[in-house]
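**Q** Pasting in a structure now, in structure tokens, and then I'll have a few things to ask.
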Amino acid sequence: MIPPEGGAMGLEDRDYYREDYAKKNGMRYNGRNATYSKASRRQAVEEPIRNSGHEFSFLAKLVITLCVLLGSALAYRYLR
Numbered sequence: 010m011i012p013p014e015g016g017a018m019g020l021e022d023r024d025y026y027r028e029d030y031a032k033k034n035g036m037r038y039n040g041r042n043a044t045y046s047k048a049s050r051r052q053a054v055e056e057p058i059r060n061s062g063h064e065f066s067f068l069a070k071l072v073i074t075l076c077v078l079l080g081s082a083l084a085y086r087y088l089r
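All letters in the sequence shown, in the order written, are residues 10 to 89 by our numbering.
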């Protein structure tokens, strides 16, 4: 990021440089307290990977349950 003409740097620019520095060094920058903290492994991941799989597993369980119920109802009817 290039500072504005005249060299005046605003608060947003300052925080950007501090966040960039923290990211390059494996830390996090808290602009509210102006502190650096070491990022844990869980915080370093940008998007949780498991969220999309949770919905699929629910639907898969629902489909399997319906197939078992339908199969048992058909078996009961035709095998009596």
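Idealized CB from N, CA, C, for every residue including glycine. Quick caveat: nothing in here was measured; it's all calculated off a predicted structure.
Which residues in the same chain as Y26 place their Cβ atom closer than 6 Å to its Cβ, once the five residues preceding and following it in sequence are excluded?
**A** The count along the sequence shown starts at 1 and reaches residue 26 at position 17. For Y26, where only same-chain residues beyond five positions count, there are no Cβ hits under 6 Å.
**Q** Would you mind reading off the limits of the beta strand (DSSP E) that contains N42?
**A** Counted from its first residue, the sequence shown places residue 42 at position 33. Premise fails: N42 is in no beta strand (DSSP E) and is neither H nor E.
**Q** Using the beta-carbon count (16 or more within 10 Å), is L85 buried or exposed?
**A** As a working mapping, residue 85 is identified with position 76 in the sequence shown. The question names Leu, yet the displayed sequence has Tyr at residue 85. Exposed, since its Cβ has fewer than 16 Cβ neighbours within 10 Å.
**Q** Between the beta-carbon of D24 and the beta-carbon of G40, is there less than 7 Å?
**A** As a first step, residue 24 is located in the sequence shown; it is residue number 15 there, counting from the start. As a first step, residue 40 is located in the sequence shown; it is residue number 31 there, counting from the start. Contact: yes.
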